[in-house]
Structure formats: C-alpha cells, structure tokens
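Visitor: Everything in the sequence shown is counted per my numbering, starting at 16 for the first residue and increasing by one.
Think of the CB as a built atom: it goes at the ideal place given N, C-alpha and C, for glycine as much as any other residue.
Only a predicted model underlies this, so the values are computations on that prediction, with no experimental measurement involved.
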Amino acid sequence: MSTPPANWGVHQSQFRFDIRAEREECEWLFQHPARILQDRMVRRSRTNRTKQHSCTDWEKAERSEVEARRLLHQARVLGWGKEKRYYLLQLGSA
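(1) Whole angstroms are fine: how far does the CA of Arg55 sit from the CA of Trp43?
(2) How long is the line joining the alpha carbons of Gln89 and Glu37, rounded to whole angstroms?
(3) Cα separation between Pro48 and Arg35?
(4) Quick check for students: name the residue ranges of the alpha helix (DSSP H) that lie wholly in the stretch 31 to 105, counting only runs of 4 or more.
(5) Return the CA-CA distance between Glu82 and Asp72, expressed in angstroms with no decimal places.
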C-alpha cells in the first residue's frame with residue numbers, strides 16, 4: 016500500500032525553536048507597563064486580579080441559568096454516543 020502524494024499547496028515548512036527569542040519575548044512581557052501597574056496595584060491596595068466583582072441578583076440568576084444550559088448541552092453531547100447506538104438499531108429494525 017503506497018502513501019498518497021503530499022499536497023504541497025497546504026504544506027507548512029517547519030521552523031526551529033529559538034530559545035533566545037522566546038526568552039526575550041517573556042522578559043518583554045514581564046517588563047510590560049500594564050503588568051508592572053497591576054503588580055503595583057496588588058502590592059499597594061491588596062487588589063486581587065482574579066476576584067470576581069459583585070453583581071446584582073438578576074445577573075447571578077442569569078449566570079446560573081446559562082451555566083445550567085451549558086451543562087445540559089454538554090450532557091446531551093456526551094450522551095449522544097449511547098443514544099445513537101439505540102437510534103441506529105431502531106432504524107435498522109424498522
């Protein structure tokens with residue numbers, strides 16, 4: 016069995032990983048003014064960047080409904096494999 020010919024129209028040439036460029040980029044990000052300002056805010060005002068802000072009751076209800084819908088959708092998607100087996104069996108016997 017032979018392999019199909021390569022499609023050179025979509026070929027992406029590989030490039031070497033440059034650790035120096037990666038380090039320079041990381042250092043630049045750590046020296047970025049926004050990062051420095053955020054760190055200064057954390058030190059001075061005890062601000063937590065990851066803390067969720069307080070929201071109204073209707074926003075909490077909306078978020079819980081959205082989360083419930085998302086979980087239901089995920090359960091349906093994950094359970095579709097089992098449902099499909101019975102669905103196809105019913106189609107085949109009909």
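Guide: With the given structure in hand:
(1) In the sequence shown, residue 43 corresponds to position 28, counting from 1. In the sequence shown, residue 55 corresponds to position 40, counting from 1. The C-alpha of Trp43 lies about 17 Å from the C-alpha of Arg55.
(2) In the sequence shown, counting from the first residue as 1, residue 89 sits at position 74. In the sequence shown, counting from the first residue as 1, residue 37 sits at position 22. Going by C-alpha positions, Gln89 is about 37 Å away from Glu37.
(3) Numbered from 1 along the sequence shown, position 33 holds the residue referred to as residue 48. Numbered from 1 along the sequence shown, position 20 holds the residue referred to as residue 35. Cα to Cα, Pro48 sits roughly 22 Å from Arg35.
(4) Complete alpha helix (DSSP H) runs here, min 4: 34 to 45, 48 to 60.
(5) Numbered from 1 along the sequence shown, position 67 holds the residue referred to as residue 82. Numbered from 1 along the sequence shown, position 57 holds the residue referred to as residue 72. When the Cα atoms are used, Glu82 and Asp72 turn out to be separated by approximately 15 Å.
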